[in-house]
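Asks:
Residue numbers (the numbering used here): 2 to 710.
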């Protein structure tokens, strides 16, 4: 990379140009003063960032030694808790408190509904997600297996369409019942609609009527000229649901961003969202299509007044955690800068365009910038983030706590000290979310030396995970998050299995969580049905009255005590892990795809990202460490699954096979290193190895390009 000096830093030329030519104009900030402030932030926070990472390593080393000294012994909850308090892993609970966060948008504080997570590097996906605030229930039911089967191939199927309409009208009967009769009965939309509860009526537009239930809006579209509406007894052409209330634009687990070019591409999409001018043109089915941000939606209330509703999700941006550094900025001592510090500065700078800009498309109507901070370990790291955001606000001339933080409750030391973590960011926190995938990876790594863990599929039934999910909500409510912040649940990872999602994800609102992650706009529309079925806020008083689950279950590792798996069971577990690992890594390393729908060993598409990779690689590393399997068995599983993954990707013209020459495949070697070097990886994270191999791959590509030139 070509580097350029800025205030004692060396900054990648393309990053400096992006900030000075695109991000700074319109903010009122001058480049020289900005870079001086950036240099001061790095000088202050980079040493502390390194110290906190050293604390992580020291704690893990002490835990490893403790487990080695007790290997084979039964779990002793009291002894475990005493040891973890002695080494500072567990801290004292703060006195009862209520968070003080202010200026929080309703989508976060007082509404309950789905949340999307989208990779920041794909502008088309980002726009789709931002526009997923509203979704067609007819389309979601027709095009998925939500009704129990998939649509038949070919043109529109009238019989399936009738089933869709019946299901949608049954939903209307439940959510907005009529004063008399059913939505399935013939009616005259122009003659008005009499509801059992007239207060549910919000307004009308030229195309339909707007209603509200459990805080979420429902638009019933009437159109006798529409192919569906002309055959409907009441002329109903669609039912449109308010769906993804919020979306996380992700710079972390779902992207492969390893250098300045990648970071600038991600930052540029975030800038387009905050300025409201992001546009993407693409080819679909031989036609050129252009996508932009949807405008707000206008209706007229019964009294003739105007009703305006957001046309887009409220957008968060997820920064990277504290672990990684980036070559996009080199510090005065020649070291790479902490990437999370850079993200905090640049994404907040970009957020100024939403707060100050003249655009008609607004994100936060309350004047806040929303940042999700992942992979923090304990309250000291949360306090570090709070101080960093203070410094960024001072740099940008923002009022204190303008920059809000969402805390991913996805590391063991955070979930065990959750109240103290919330207390450390108590005046800017806007969500806690159970990231159970990373949390599982951290659970395996923390107990790495204690013994072999149970099979991956059995971990979900472990005592710790039930305690973790329950504690998250209970502690969040006790700290006053209700009405001020989100309490969230994790991702549904099978985007093609909507019938299963409708059955299983109905449990999330019943926990008292007012959001949960979904993998697509369609899934968000279907998951919205659950928030009509369950009034989350009405449940919370009863949930808050329950005792907070203790630490014993939470700190019980999922070890396989006295289990002797058969050779077939071990082989089955290895190939299942190896296939998922390779299927994800090959796209990450060779194509820079950080999140995608990857066929599993049974050819079922699952959403994979670094969190799922962390589980698979750490699980294999654990079994290898404890002799459940041999190195030869691991290699055999990897080679066998490389051939399967190659076959699954045979139709991709950009795909580079692994099995034909695994020694030459950097993707295969990266996957192998994630297992064989897994015990030594910091907290079991996959980023250091992925970044190293991806940079080698990009270097190879540049070398070939130079050779051709």
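Yeah, the Cβ is synthetic: ideal placement off N, Cα and C, and Gly gets one too. Bear in mind the structure is a predicted one, so any value in this text is a computation, not a measurement.
Out of 163, 486, 113, 525, which one is the CA nearest neighbour of residue 540?
Replies: For the purposes of this step, residue 540 is identified with residue 539 of the chain shown, where counting begins at 1. Out of 163, 486, 113, 525, 113 has the C-alpha closest to the C-alpha of residue 540.
Asks: So, is residue 513 buried or exposed, given that buried needs 16 or more other C-beta atoms within 10 angstroms?
Replies: For the purposes of this step, residue 513 is taken as residue 512 along the chain shown, with counting starting at 1. Burial call: buried.
Asks: Measuring only the C-alpha atoms, how far is residue 28 from residue 22?
Replies: The residue labelled residue 28 in the question sits at position 27 within the chain shown. The residue labelled residue 22 in the question sits at position 21 within the chain shown. Spanning the two alpha carbons is a distance of roughly 12 Å.
Asks: In terms of alpha-carbon separation, which member of 300, 533, 477 lies closest to residue 171?
Replies: The residue given as residue 171 occupies position 170 in the chain shown. The candidate whose alpha carbon is nearest that of residue 171 is 533.
Asks: Taking three-plus beta-carbon pairs below 8 Å as touching, is the region 363-382 in contact with the region 404-413?
Replies: Judged by Cβ distances under 8 Å, the region 363-382 makes contact with the region 404-413, as three or more pairs qualify.
Asks: Does the beta-carbon distance from residue 589 to residue 595 come in below 8 Å?
Replies: Locating residue 589 in the chain shown gives position 588, where the first residue counts as 1. Locating residue 595 in the chain shown gives position 594, where the first residue counts as 1. Yes.
Asks: Over the uninterrupted alpha helix (DSSP H) stretch that includes residue 218, give me the two end residues.
Replies: Looking up residue 218 in the chain shown gives position 217. Unbroken run through residue 218 is the beta strand (DSSP E), 217-223; no alpha helix (DSSP H).
Asks: Whole-angstrom Cβ separation of residue 646 and residue 552, contact assumed at under 8 Å?
Replies: Along the chain shown, read from residue 1 onward, the residue named residue 646 stands at position 645. Along the chain shown, read from residue 1 onward, the residue named residue 552 stands at position 551. Contact flag wrong, Cβ pair sits at about 41 Å.
Asks: Out of 187, 218, 209, 185, point me to the one whose CA is closest to residue 200's CA.
Replies: By one-based count along the chain shown, residue 200 stands at place 199. Minimum Cα distance to residue 200 is reached at 218.
Asks: By the 10 Å Cβ neighbour count, where 16 or more other Cβ atoms means buried, how is residue 306 classified, buried or exposed?
Replies: Within the chain shown, the letter at position 305 stands for residue 306. Answer is exposed; the Cβ neighbour count stays below 16.
Asks: Since residue 634 and residue 679 should fall inside the 8 Å C-beta cutoff, what is the C-beta to C-beta distance between them, to a whole number of angstroms?
Replies: Within the chain shown, residue 634 is the residue found at index 633, counting from 1. Within the chain shown, residue 679 is the residue found at index 678, counting from 1. Not a contact, Cβ separation roughly 15 Å.
Asks: Between the alpha carbons of residue 303 and residue 319, how many angstroms are there, rounded?
Replies: Numbered from 1 along the chain shown, position 302 holds the residue referred to as residue 303. Numbered from 1 along the chain shown, position 318 holds the residue referred to as residue 319. Using only the alpha carbons, I get a separation of about 40 Å.
Asks: With three or more C-beta pairs closer than 8 Å as the rule, is the region 466-479 touching the region 431-445?
Replies: Contact holds: three or more Cβ-Cβ distances are below 8 Å.
Asks: Given that a residue counts as buried once 16 or more other Cβ atoms are within 10 Å of its Cβ, and exposed if not, what is residue 134?
Replies: Here residue 134 refers to the residue found at position 133 when the chain shown is read from its first residue. Classification of residue 134: buried, given that the 10 Å Cβ count is 16 or more.
Asks: Does the region 450-461 come close enough to the region 492-506 that 3 or more CB-CB pairs lie under 8 Å?
Replies: Not touching, per the Cβ criterion.
Asks: Put residue 159 into one of helix, strand or coil per three-state DSSP.
Replies: Numbered from 1 along the chain shown, position 158 holds the residue referred to as residue 159. Note: residue 159 maps to helix in three-state DSSP.
Asks: Taking only three categories from DSSP, how would you classify residue 487?
Replies: Against the chain shown, residue 487 aligns to sequence position 486. Here residue 487 sits in strand by DSSP.
Asks: Among the candidates 587, 483, 527, whose CA atom is the shortest distance from the CA of residue 542?
Replies: The sequence position of residue 542 within the chain shown is 541, counting from 1. Residue 542 has its Cα closest to that of 483, out of 587, 483, 527.
Asks: Assign residue 662 to one of three DSSP states: helix, strand, or coil.
Replies: In the chain shown, counting from the first residue as 1, residue 662 sits at position 661. The answer is coil: DSSP assigns residue 662 none of H, G, I, E or B.
Asks: Less than 8 Å between the CB atoms is what I'm expecting for residue 346 and residue 268, so what's the real figure, rounded?
Replies: Locating residue 346 in the chain shown gives position 345, counting from the first residue. Locating residue 268 in the chain shown gives position 267, counting from the first residue. Actually they do not touch by this definition, with Cβ atoms about 11 Å apart.
Asks: By DSSP, does residue 214 sit in helix, in strand, or in coil?
Replies: For the purposes of this step, residue 214 is taken as the residue at position 213 of the chain shown. It is a strand residue.
Asks: Within 10 angstroms of the Cβ of residue 290, are there 16 or more other Cβ atoms? Answer buried if so, exposed if not.
Replies: Residue mapping note: residue 290 aligns to position 289 of the chain shown, counting from 1. That one is exposed.
Asks: For residue 146, collect the residues of the same chain with a Cβ closer than 8 Å to its Cβ; drop the 5 residues on either side in sequence, then sort them by chain order.
Replies: Mapped onto the chain shown, residue 146 falls at position 145. Closer than 8 Å at the Cβ level, and outside the excluded window around residue 146, lie 497, 498, 499, 500.
Asks: With a threshold of 8 Å on Cβ separation, who are the neighbours of residue 47 within its own chain once the five nearest residues in sequence on each side are excluded?
Replies: Your numbering for residue 47 matches position 46 in the chain shown. Cβ neighbours of residue 47 beyond the five flanking positions: 332, 336, 338, 339, 342.
Asks: Under the assumption that residue 685 contacts residue 442 (Cβ atoms under 8 Å), give the Cβ distance between them as a whole number of angstroms.
Replies: In the chain shown, the residue the question calls residue 685 occupies position 684. In the chain shown, the residue the question calls residue 442 occupies position 441. Sure, about 5 Å apart at Cβ, within 8 Å.
Asks: What are the boundary residues of the beta strand (DSSP E) that residue 205 is part of?
Replies: In the chain shown, counting from the first residue as 1, residue 205 sits at position 204. Looking at the DSSP string, the run of the beta strand (DSSP E) that includes residue 205 is 202-205.
Asks: Check the C-beta distance from residue 610 over to residue 657 and give it rounded, since I have them as a contact under 8 Å.
Replies: In the chain shown, residue 610 corresponds to position 609, counting from 1. In the chain shown, residue 657 corresponds to position 656, counting from 1. Their Cβ separation, rounded to whole angstroms, is 21 Å, which puts residue 610 and residue 657 out of contact at 8 Å.
Asks: What would DSSP say about residue 194, mapped onto helix, strand or coil?
Replies: Residue 194 sits at position 193 when you count from the first residue of the chain shown. Residue 194: coil per DSSP, three-state reduction.
Asks: On the CB-based measure, 16 or more other CB atoms within 10 Å of its CB, does residue 234 come out buried or exposed?
Replies: For the purposes of this step, residue 234 is taken as residue 233 along the chain shown, with counting starting at 1. Classification for residue 234: exposed.
Asks: Are the CB atoms of residue 526 and residue 244 within a distance shorter than 8 Å?
Replies: Taking the first residue of the chain shown as 1, we reach residue 244 at position 243. Taking the first residue of the chain shown as 1, we reach residue 526 at position 525. Going by C-beta atoms, residue 244 is nearer than 8 Å to residue 526.
Asks: Between which two residues does the beta strand (DSSP E) carrying residue 606 extend?
Replies: As a first step, residue 606 must be located in the chain shown, where it is residue number 605. 606-609 is the span of the beta strand (DSSP E), which, as asked, contains residue 606.
Asks: Just to confirm, are residue 585 and residue 564 a CB contact at a threshold of 8 Å?
Replies: Working through the chain shown from its first residue, we reach residue 585 at position 584. Working through the chain shown from its first residue, we reach residue 564 at position 563. Cβ atoms of residue 585 and residue 564: not closer than 8 Å.
Asks: Flag this pair as yes or no: are the beta carbons of residue 447 and residue 413 separated by less than 8 Å?
Replies: Within the chain shown, residue 447 is the residue found at index 446, counting from 1. Within the chain shown, residue 413 is the residue found at index 412, counting from 1. Cβ distance < 8 Å, so residue 447 and residue 413 count as in contact.
Asks: Kindly indicate which residue of 88, 40, 73 has the alpha-carbon position closest to the one of residue 1.
Replies: With the chain covering 2 to 710 only, the question about residue 1 has no answer from this structure.
Asks: Classify residue 567 as buried or exposed, calling it buried when 16 or more other Cβ atoms lie within 10 Å of its own Cβ.
Replies: Along the chain shown, one-based indexing puts residue 567 at 566. Looking at its Cβ environment, which holds fewer than 16 other Cβ atoms inside 10 Å, residue 567 is exposed.
Asks: In chain order, what residues of the same chain have a beta carbon less than 7 Å from the beta carbon of residue 378, not counting five sequence neighbours either side?
Replies: Here residue 378 corresponds to residue number 377 of the chain shown, with the count starting at 1. Taken in chain order, the residues that qualify are 57, 412, 414, 415.
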